[in-house]
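Residue numbers (my numbering): 37 to 285.
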């Protein structure tokens, strides 16, 4: 996946999100009426990911507003709308399989609390941990789920996540650019270590579902860790756009 997108500014990202919204409306939802035959382990796994997709996003949107770029703030709102769309689709998929959603999960609560501790830069770095894990997880569901509806929903979400990653990488390039090179390198090394630890936890927590999908815990963890190098470079070493760098508010 190419995580660098030379888009000419956040106006282009707003257009991208809006075009995707229009395309999604034209295509319509999957056929929920056909139902879904979901393995119990996959149900429990999807329920936990649904909780993560269903956050309100108010803290992130507030930090984006305070960063001083109204176009970026608009793009963040469109990004959050897509995340809510993912939560809605996962809830409908679970319903098609005769299952409900969870009110919350400890892993999401911990992650959200960490994201809210500091400014926009830290929040985006932590958000990118979740995005990197989500890329591998939804690919596993898309490619390994025996149920066609589950595979279709995962494929749709994965396509969106593959767009979200370069969007966040661009902002992080700008946010990290004012730092000295050793500090940028240190920040991405810490991020990679956190991602590796998160991958281990997710692989352990979702192990039964991953086995059902034909992915071993070790393979899942290794794939996530392997993806961290290109992502870290995209966040820290690619040339920053000429526009002014955002403040870490």
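Backbone N, C-alpha and C define an ideal beta-carbon position, used for all residues, glycine too.
query: How is residue 224 classed by DSSP in three states: helix, strand or coil?
result: Position 188 of the chain shown, counting from 1, holds the residue named residue 224. The answer is helix: DSSP assigns residue 224 an H, G or I state.
query: Can you tell me where the alpha helix (DSSP H) with residue 158 in it begins and where it stops?
result: Walking along the chain shown from the start, residue 158 turns up at place 122. Residues 156-180.
Span separating the alpha-carbon of residue 282 from that of residue 45: Mapped onto the chain shown, residue 282 falls at position 246. Mapped onto the chain shown, residue 45 falls at position 9. Residue confidence is low: residue 282 scores 37 on pLDDT, short of 50, so the model does not pin down where it sits. No coordinate-derived value is stated.
- prompt: The alpha helix (DSSP H) with residue 252 in it runs from where to where?
  reply: Residue 252 sits at position 216 when you count from the first residue of the chain shown. Element bounds for residue 252: n/a, residue is neither H nor E.
7 angstroms Cβ shell around residue 99 - same chain, five flanking residues per side excluded: Counted from its first residue, the chain shown places residue 99 at position 63. So the list reads 155, 156, 159, 285, once near-sequence residues are dropped.
task: Within its chain, find whatever has a CB closer than 7 angstroms to the CB of residue 239; leave out the 5 residues flanking it on each side and keep chain order.
output: Looking up residue 239 in the chain shown gives position 203. Cβ neighbours of residue 239 beyond the five flanking positions: 246, 253, 256, 257.
query: According to the Cβ coordinates, are residue 66 and residue 188 closer than 7 angstroms?
result: Counting from 1 along the chain shown, the entry for residue 66 is found at position 30. Counting from 1 along the chain shown, the entry for residue 188 is found at position 152. Their beta carbons are under 7 angstroms apart, which means residue 66 touches residue 188 by this criterion.
message: Let me confirm a value: residue 192 is counted as buried when at least 16 other C-beta atoms fall within 10 Å, else exposed. Which label applies?
response: Position 156 of the chain shown holds residue 192. Per the 10 Å Cβ criterion, buried.
message: For residue 212 and residue 88, what's the separation of their Cα atoms in angstroms?
response: Position 176 of the chain shown, counting from 1, holds the residue named residue 212. Position 52 of the chain shown, counting from 1, holds the residue named residue 88. Whole-angstrom Cα-Cα distance: 26 angstroms.
field: Same chain, Cβ closer than 6 angstroms to residue 196, five either side skipped, listed in chain order
entry: The sequence position of residue 196 within the chain shown is 160, counting from 1. Cβ neighbours of residue 196 beyond the five flanking positions: 118.
- prompt: Using the C-alpha atoms, what's the distance from residue 176 back to residue 183?
  reply: Position 147 of the chain shown, counted from the start, is the residue given in the question as residue 183. Position 140 of the chain shown, counted from the start, is the residue given in the question as residue 176. The straight-line gap from Cα to Cα measures roughly 13 angstroms.
field: Same chain only: Cβ atoms within 7 angstroms of residue 115, ignoring 5 sequence neighbours per side
entry: Taking the first residue of the chain shown as position 1, residue 115 is located at position 79. Correct list, in chain order: 53, 200, 203.
query: Whose CA, out of 86, 271, 161, lies closest to the CA of residue 174?
result: On the chain shown, residue 174 is found 138 positions in, with the first residue counted as 1. When each option's Cα is compared against that of residue 174, the closest is 86.
- prompt: In terms of alpha-carbon separation, which member of 170, 83, 244 lies closest to residue 135?
  reply: What you label residue 135 is simply residue 99 of the chain shown in a count that begins at 1. Here the closest residue by C-alpha is 83.
- prompt: Around the Cβ of residue 69, are there at least 16 other Cβ atoms within 10 angstroms (buried) or fewer (exposed)?
  reply: Counted from its first residue, the chain shown places residue 69 at position 33. Answer is exposed; the Cβ neighbour count stays below 16.
Beta-carbon gap between residue 132 and residue 71 smaller than 7 angstroms: As a first step, residue 132 must be located in the chain shown, where it is residue number 96. As a first step, residue 71 must be located in the chain shown, where it is residue number 35. Their beta carbons are under 7 angstroms apart, which means residue 132 touches residue 71 by this criterion.
query: Would you report the Cα separation of residue 234 and residue 259, rounded to the nearest angstrom?
result: Numbered from 1 along the chain shown, position 198 holds the residue referred to as residue 234. Numbered from 1 along the chain shown, position 223 holds the residue referred to as residue 259. Each residue's alpha carbon lies about 13 angstroms from the other.
message: Can you find the residues in the same chain that come closer than 6 angstroms, C-beta to C-beta, to residue 120, ignoring five residues on each side of it along the sequence?
response: Counting from one through the chain shown, the residue named residue 120 turns up at place 84. Excluding residues within five positions, none has a Cβ falling inside 6 angstroms.
- request: Indicate whether residue 9 and residue 272 have their beta-carbon atoms separated by less than 7 angstroms.
  value: No information on residue 9 is available, as it lies outside the stretch 37 to 285 that the chain covers here.
task: Give the DSSP-derived three-state secondary structure of residue 242 in the structure shown.
output: The residue you call residue 242 lines up with position 206 of the chain shown. Of the three classes helix, strand and coil, the one that applies to residue 242 here is coil, per DSSP.
field: For residue 73, the nearest candidate out of 270, 261, 248, 269 (CA to CA)
entry: If you number the chain shown from 1, residue 73 lands on position 37. Residue 73 has its Cα closest to that of 248, out of 270, 261, 248, 269.
query: With 16 other CB atoms within 10 Å as the buried threshold, where does residue 161 fall?
result: As a first step, residue 161 is located in the chain shown; it is residue number 125 there, counting from the start. That one is buried.
field: Terminal residues of the alpha helix (DSSP H) in which residue 216 lies
entry: Along the chain shown, read from residue 1 onward, the residue named residue 216 stands at position 180. No alpha helix (DSSP H) holds residue 216; DSSP gives it neither H nor E.
Residue 313 versus residue 97: straight-line alpha-carbon distance, rounded: A query on residue 313 cannot be resolved here, the shown segment of the chain reaching from 37 to 285 and no further.
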